[in-house]
Amino acid sequence: MTAPTRPSTHTGKLLVALISRLHLYIGLFVGPFILIAALSGIAYLLSPPLEEWLYHDTLYGVNQGEPQPLAEQIAAAQRYLDSATLPSAVRPAPEPGSTTRLMYSEPSLGPSEHRAVFVDPISLEVTGDTTVYGTSGILPLRTAIDHFHRQLLMGNVGRLYSELAASWLWVAALGGVLLWIRQRRSLKALVSPHSTRRRHATLGLIISLGLLFFSATGLTWSQWAGAILRNFVMPGAGARQVPQRR
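When you line the sequence shown up against my numbering, it's residues 1 to 246, in that order.
If you want it as structure tokens, here you go:
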């Protein structure tokens, strides 16, 4: 006669099976997001030197001479726009040879967007006219990469998918760690060190802390989940506007 299976053993097997299925399905769900987020994050880090090259004629002007007063630079932008409207924000030239960024609010632009007119502070020549984002006046290239990183260029649908993926990422990471711990204790898990399964487990264990950090920080900057987290930590903070920039 065989001994009856103990309830604790049966429950443990069901729990392991549940964790294994969640780890698999969540991995399939968040995998595309992780790939896109990683590639777009790298592109975002590389965007400043790319912008220096792409917008060089806009960002730089004459580097020899005496800079004109800021009022004269604003007047040059007003003549260019054929309007007496004052800019909503001004970023003076940060160094000799660079241009001043004058930002104007227009009803046709989206949230946090401004029309930026770039003026050479020495020659008072307008070197550029483009749409920028945020109070710092981020240029179109970095803005496009950032929107792709946060929304996958799909608006709220892409942002919702990103939040769901970040919300479940920590479950997949911790589930993988628990499965690795169980397999280490089992003789059946002693497979070849060169097997795909062993490599997956080893790599997953190494990057698990990074995935947890990625999930936590991503959620704090998210629109819906971030508001809940901020309201939990600081009651009433969830109603504040979600930061648009890092």
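Note that CB positions come from ideal geometry on N, CA and C, so glycine has one too.
Treat the numbers as computed from the prediction; the structure is a model and nothing was measured.
Cut-off 7 angstroms between Cβ atoms - residues of its own chain near residue i, not counting five sequence neighbours on either side
i      : result
HIS23  : ALA172, GLY175, GLY176 and LEU179
SER40  : ILE145, PHE148 and HIS149
SER105 : SER88 and HIS114
LEU54  : LEU141
ARG182 : VAL16
TYR60  : GLY97, SER98 and THR99
Boundaries of the alpha helix (DSSP H) in which residue i is found, first to last residue
i      : result
ASP57  : 56–59
GLU72  : 70–81
ALA116 : It is not in any alpha helix (DSSP H) - ALA116 instead sits in the beta strand (DSSP E) that spans 113–119.
ALA144 : 140–151
Cβ neighbours of residue i in the same chain (closer than 6 angstroms, five flanking residues each side left out)
i      : result
ALA165 : VAL30 and PHE33
GLY248 : Missing from the structure shown is residue 248; the chain here goes from 1 to 246 and no further.
LEU212 : TRP170 and ALA173
ALA189 : At ALA189, the pLDDT of 48 sits below 50, so the modelled position is not reliable; the number obtained from the coordinates is stated separately. Excluding sequence neighbours, ALA189 sits near GLN183.
SER215 : ALA166, LEU169 and TRP170
Burial state of residue i (16 or more Cβ within 10 Å)
i      : result
VAL119 : buried
GLU95  : exposed
THR217 : exposed
ALA37  : buried
GLU163 : buried
ARG21  : exposed
MET154 : exposed
LEU187 : Low confidence applies to LEU187: its pLDDT is 41, below 50, so where it sits in the model is not reliable, and the reading given next is rough at best. When all chains shown are included, LEU187 counts as exposed.
Terminal residues of the beta strand (DSSP E) in which residue i lies
i      : result
LEU102 : 100–104
THR130 : 126–133
ALA84  : Per DSSP, ALA84 belongs to no beta strand (DSSP E) and is neither H nor E.
ALA89  : 89–91
Contact set for residue i: own chain, Cβ-Cβ below 8 angstroms, skip 5 residues either direction
i     : result
VAL90 : LEU70, ILE74, THR100, ARG101, LEU102 and MET103
Cutoff 8 angstroms: residue i Cβ touching any chain C Cβ
i      : result
ARG115 : Of the protein chains in the structure, only one exists, and it is not chain C.
Margin query: With a threshold of 8 angstroms, are at least 3 pairs of Cβ atoms found where one atom belongs to the stretch 126–142 and the other to the stretch 107–116?
Written below: yes
Note to self: Counting beta carbon pairs with one atom in the stretch 120–127 and one in the stretch 68–82, are three or more of them shorter than 8 angstroms?
What the structure shows: yes
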